[in-house]
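A quick write-up on the structure given underneath.
In UniProt numbering, the protein residues as written are 1 to 320.
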């Protein structure tokens, strides 16, 4: 066996090990953290907060990422068992659900950042937009909109054949034509990473400006106002932490997606295919952290979240 073949085998083995370990780590910590998120956000105190509604439903969609997307990806990337290549219906359904679930989860965080902007406004008309009724309507509306925007996937995705990291021709669930593949890449970049990230940063900045303006208007010696500002500030802290994780987690994979689209028609040797496969599959697992890390970010950044969590733990340990 030549040294190049040995190198390729080592790269492919490293790819499988890294993807399996990262995916398993994400699955375990995601399942634990997101389940605790659900319990905390259903506490009576938080159920009255419109922002908590967005966090709750974002957690629900992230749970689908953990229990639906991750097991399928672990089988595909870690053990080469890709169920999307068995049947055209499975291919279309799997890709459609994978895109929709992850995107809705991120856009609900965008809505949470917009809600914080409404809630922190000095104008009463804008503050009224931060309500439970608006939160429920907005959650349902963004879910339906994302489903509609990704519906073309059902049409142009099919089972095609491509070269894997070992240089073998294998079936793959992918876009049928290059133009559709290019549209799919950029639509994914805009809808899943770039646009949500920009909107999160924008409304987080506007919220900070509103809070500074609010401090200049509202007297500091009113106890009730101090409690309100404390709650708003902690929600904003949770939001900024979540925004940071989403941006850091999704951008590397987006960059790799652009690279893959740009070099799709280039002739590549087996070694380069193995390296590209390593980069693509490892960066493909990083976006999972945008969905599994929310509980740990909330616990670190918000006192009220920790207080409600401790109440749940105490109730479990001492039910009487």
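Glycine included, C-beta positions come from ideal geometry on N, C-alpha and C.
Since the structure is predicted, the reported quantities are computational estimates derived from the model, not experimental observations.
Which same chain residues end up closer than 7 Å to residue i when comparing Cβ atoms and leaving out the 5 residues on each side of it in sequence?
i	result
residue 146	100, 103, 104 and 107
residue 275	11
residue 7	271
residue 63	34
Looking at the C-beta of residue i, does it have a partner C-beta in chain B at a distance below 8 Å?
i	result
residue 57	The displayed structure is made up of one protein chain only, and chain B is not part of it.
In three-state terms, what does DSSP make of residue i?
i	result
residue 137	helix
residue 172	strand
residue 82	coil
residue 162	strand
residue 224	Model confidence at residue 224 stands at a pLDDT of 48, short of 50, so the residue's coordinates are unreliable and nothing is read from them.
residue 192	helix
residue 156	helix
I'd like the list of long-range same chain contacts for residue i, defined as Cβ closer than 6 Å, with 5 residues on each side in sequence excluded.
i	result
residue 385	This structure cannot speak to residue 385, because the chain is shown only from 1 to 320.
residue 56	41
residue 310	none
residue 30	66 and 292
residue 137	none
residue 74	23
residue 258	none
residue 3	none
So residue i and residue j are in contact, right, with Cβ under 8 Å, and what is the actual spacing, rounded?
i	j	result
residue 77	residue 19	4 Å
residue 299	residue 253	Between residue 253 and residue 299 the Cβ distance is about 26 Å, and since that is not below 8 Å, they are no contact.
residue 113	residue 200	5 Å
residue 150	residue 176	About 16 Å; that fails the 8 Å criterion.
residue 96	residue 154	6 Å
residue 88	residue 184	Actually they are not in contact, since the Cβ atoms of residue 88 and residue 184 sit about 17 Å apart, beyond 8 Å.
residue 22	residue 303	Their Cβ separation, rounded to whole angstroms, is 31 Å, which puts residue 22 and residue 303 out of contact at 8 Å.
Here's a check: name, in chain order, each residue in its chain whose Cβ is nearer than 8 Å to the Cβ of residue i, leaving out the five neighbours to either side.
i	result
residue 371	In the structure as shown, the chain begins at 1 and stops at 320. Residue 371 is therefore absent and cannot be evaluated.
residue 139	53, 54, 57, 108 and 111
residue 317	none
Counting Cβ pairs closer than 8 Å, one from the stretch 115–122 and one from the stretch 202–216, do we hit at least three? Yes: the two stretches touch, three or more of their Cβ pairs being nearer than 8 Å.
Measuring CB atoms only, is the stretch 195–202 touching the stretch 130–146, in the sense that at least three cross pairs come out at less than 8 Å? Touching, no.
Tell me the start and end of each unbroken alpha helix (DSSP H) in the stretch 86–152 that is at least 4 residues and wholly inside, in chain order. List check, alpha helix (DSSP H) in window: 88–120, 124–127 and 132–149.
Specify whether the stretch 42–58 and the stretch 88–97 touch according to this definition: at least 3 beta carbon pairs, one from each stretch, less than 8 Å apart. Result no; under three Cβ-Cβ pairs closer than 8 Å.
Any 3 or more C-beta pairs closer than 8 Å across the stretch 239–246 and the stretch 108–115: In this structure the stretch 239–246 touches the stretch 108–115; the number of beta carbon pairs closer than 8 Å is three or more.
Counting pairs of Cβ atoms below 8 Å between the stretch 58–71 and the stretch 283–293, do you hit three or more? Touching, yes, given that three or more Cβ pairs across the two stretches are closer than 8 Å.
Along the chain, which unbroken stretches of the alpha helix (DSSP H) at least 4 residues long are found entirely within the stretch 40–77? Counting whole runs of 4 or more residues, the stretch 40–77 contains the alpha helix (DSSP H) stretches 44–47, 50–64 and 70–73.
Restricting to runs no shorter than 4 residues, where is the alpha helix (DSSP H) found entirely within the stretch 238–314? Segments of the alpha helix (DSSP H) lying fully in the stretch 238–314: 270–285, 289–292 and 294–301.
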